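Enquirer: Residue numbering for the sequence shown follows this note's numbering, starting at -16 and increasing by one per position. Don't be surprised by glycine CBs; every beta carbon is placed ideally from N, CA and C. All values reported here derive from a predicted model rather than from experimental measurement.
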Amino acid sequence: MTPESRLDEYQTEADRLLSETVALIPADLDPESGFAESEPRYAPAEGSASASDPAWWQARESLNLAAETDASADAAAAIAAGLTADGWRESKVRETEGGARITDGYRKDLDGGEWYIEVTWVQTRPEMAEVVEVLVVSPQTVRGADASGT
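And the structure:
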């Protein structure tokens, strides 16, 4: 018997968490969505797709901020304060571009599964725009019988 997919409920929760996380950015930083997506993701499968293949939901948004010194860092700090106050566990994930681009991760168990939020921000540099990116990843479920092969 194939387990039931939770992708539909994970989509709703991922979109809610993304919206709430973005709302933590102070309004005076003028956050403006530059790109957003919300979609199911599927683990690679050998052969044809199966209803029992691993799957999860992923929602992301990239936001442009006011062209002010430390706007990205300030947005990330506000998100960190809000998430940790709500019980999310914080960790440093990675630094790239010589430390100019920093990614922080947050984990929390919700409804029996571990959710993950990733926040990527930039150090102020003349050649870099002030941006922040938020990624929400659901716990793993299964593809389910109605999922397409995409």
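With distances taken from CA atoms, which of Y89, T124, E97, E116 is nearest V105?
Expert: For the residues Y89, T124, E97, E116, the minimum Cα distance to V105 belongs to E116.
Enquirer: Throw me the rounded Cβ distance for the A61 and L7 pair, which I believe falls under 8 Å.
Expert: Confirmed, about 5 Å.
Enquirer: Consult DSSP for L93 and reduce its assignment to one of helix, strand or coil.
Expert: L93 falls in the strand class under three-state DSSP.
Enquirer: Would you decide whether L46 is buried or exposed? Buried here means 16 or more other CB atoms lie within 10 Å of its CB.
Expert: By the 10 Å Cβ count, L46 comes out buried.
Enquirer: Taking the alpha-carbon positions, what's the Y89 to A34 distance?
Expert: Between Y89 and A34, the C-alpha separation is close to 29 Å.
Enquirer: Skipping 5 residues on each side, what residues in its chain have a beta carbon closer than 7 Å to that of R77?
Expert: These residues qualify, in order along the chain: T86.
Enquirer: L(-10) and P23 - do their beta-carbons sit closer together than 7 Å?
Expert: Closer than 7 Å, so yes.
Enquirer: Taking G30 as part of the beta strand (DSSP E), name the residues at either end of that continuous run.
Expert: G30 -> no beta strand (DSSP E), and no H or E assigned at all.
Enquirer: Considering E44, what are the terminal residues of the alpha helix (DSSP H) in which it resides?
Expert: Premise fails: E44 lies in the beta strand (DSSP E), 37 to 47, not in any alpha helix (DSSP H).
Enquirer: Assign T67 to buried or exposed, taking buried as 16 or more other Cβ atoms, counted over all protein chains shown, within 10 Å of its Cβ.
Expert: Looking at its Cβ environment, which holds fewer than 16 other Cβ atoms inside 10 Å, T67 is exposed.
Enquirer: Suppose only complete runs of 3+ residues qualify. What are the beta strand (DSSP E) ranges in the stretch 51 to 111, listed by chain order?
Expert: Counting whole runs of 3 or more residues, the stretch 51 to 111 contains the beta strand (DSSP E) stretches 72 to 79, 84 to 93, 96 to 105.
Enquirer: What residue range is occupied by the uninterrupted beta strand (DSSP E) comprising L118?
Expert: Residues 114 to 120.
Enquirer: Could you check what DSSP says for I8 in three-state terms: helix, strand or coil?
Expert: The answer is coil: DSSP assigns I8 none of H, G, I, E or B.
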